[in-house]
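Presented below is the structure to which this report refers.
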Amino acid sequence: MLNYKQVLNQSIKVGLTVGAVAMLVACSGQDSAKKSKKSKYDQEVEPNARQLAVYKAVGYSIDPQLPPYEPKTLNESARGIAVAYTMPYNCKVLGEVEGKDEAGGKAGPTFEQIREGATNDLRNQAADLVRGGQRLMLSVSKEAMICQVRTKKDKYQEEDCTLWNKLPPNAQILSYRIHANVFECGEK
Numbered sequence: 000m001l002n003y004k005q006v007l008n009q010s011i012k013v014g015l016t017v018g019a020v021a022m023l024v025a026c027s028g029q030d031s032a033k034k035s036k037k038s039k040y041d042q043e044v045e046p047n048a049r050q051l052a053v054y055k056a057v058g059y060s061i062d063p064q065l066p067p068y069e070p071k072t073l074n075e076s077a078r079g080i081a082v083a084y085t086m087p088y089n090c091k092v093l094g095e096v097e098g099k100d101e102a103g104g105k106a107g108p109t110f111e112q113i114r115e116g117a118t119n120d121l122r123n124q125a126a127d128l129v130r131g132g133q134r135l136m137l138s139v140s141k142e143a144m145i146c147q148v149r150t151k152k153d154k155y156q157e158e159d160c161t162l163w164n165k166l167p168p169n170a171q172i173l174s175y176r177i178h179a180n181v182f183e184c185g186e187k
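Going by numbering that gives the first Met the number 0, 184 is the number at position 185 of the sequence shown; the sequence numbering is gapless.
Here it is in structure tokens:
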């Protein structure tokens, strides 16, 4: 099975080969253009740096086919657990839980998808703390998103992208974590 770098290298080679063939075809037609006055080409075709750059860039846009990302599912036992961003009143603290979700070799998830997966995992973890008939509430204390960014030299580095408003085209989301305090708020 080919990895990403091998596919990328092959794509670049194919792009450069296609570009070279296109230039050869265009340049070889100049003699016939001078002989025939009915030819579509009045001027000699001169390949320039822009054309070469376009063919080289084709290799970067071809990614291997990855399976689509799907968020973690919510367990049936966690469906009644509420998530809030404020401290609930008249509730007793039980502890802290962490929910996380990762892209894990799948096609790049959106912010909403990976956050939904992390929230579902958070609620699933909290459901393990439930004893019979308790009503639980989660108060989110911290969220963090990690992205992978491709640099100019085709190196990859991980960065905290929690506060980014928009994901740049050379980045993809790797994981999302949510920490929350668990509160018991009486009986159901």
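Ideal Cβ positions, reconstructed from N, Cα and C, are used throughout, including at glycine.
Going by DSSP, what residues sit across from residue i in a beta bridge?
| i | result |
| --- | --- |
| isoleucine 172 | Cys146 |
| glycine 94 | Val181 |
Residue i by DSSP, collapsed to three states: which one?
| i | result |
| --- | --- |
| glutamine 124 | helix |
| isoleucine 80 | coil |
| glutamine 64 | coil |
| glycine 116 | helix |
| glutamate 69 | coil |
| leucine 15 | Low per-residue confidence applies at leucine 15: pLDDT is 48, beneath 50, and the placement is therefore not dependable, though the value from the model is reported in the following sentence. Helix at leucine 15. |
Nearest by alpha-carbon distance to residue i: which of the options is it?
| i | options | result |
| --- | --- | --- |
| glycine 185 | Leu162, Leu93, Tyr68 | Leu93 |
| asparagine 169 | His178, Tyr175, Cys146 | Cys146 |
| leucine 135 | Val96, Tyr175, Tyr155, Pro70 | Val96 |
| alanine 117 | Ala102, Asp127, Ala106 | Ala102 |
| alanine 143 | Arg78, Pro87, Ile113 | Ile113 |
| alanine 106 | Val139, Cys90, Ser174 | Ser174 |
Please classify residue i as buried or exposed, where buried requires at least 16 neighbouring CB atoms within 10 angstroms.
| i | result |
| --- | --- |
| lysine 37 | Any reading at lysine 37 must be qualified, since the residue scores a pLDDT of 47, below 50, and its modelled position is unreliable; the value itself is stated next. With fewer than 16 Cβ atoms within 10 Å of its Cβ, lysine 37 is classed as exposed. |
| cysteine 160 | buried |
| lysine 141 | exposed |
| tyrosine 68 | buried |
| valine 53 | Reliability of the predicted coordinates at valine 53 is poor, the pLDDT of 40 falling under 50, and the value obtained from them is presented with this limitation in mind. Looking at its Cβ environment, which holds fewer than 16 other Cβ atoms inside 10 Å, valine 53 is exposed. |
| glycine 131 | exposed |
| aspartate 100 | buried |
| proline 216 | As displayed, the chain neither begins before 0 nor continues past 187, which places residue 216 out of reach and without an answer. |
| lysine 71 | buried |
Taking only heavy atoms of the ligand FAD into account, decide whether any of them is closer than 8 Å to the Cβ of residue i.
| i | result |
| --- | --- |
| threonine 150 | For the structure depicted, the ligand FAD is absent and the ligand set is empty, with no information on it obtainable. |
(message) Any contact between the region 148–167 and the region 75–83? By contact I mean 3 or more CB pairs, one from each, below 8 Å.
(response) Contact check between the region 148–167 and the region 75–83: fewer than three CB pairs, one atom from each, fall below 8 Å, which does not count as touching.
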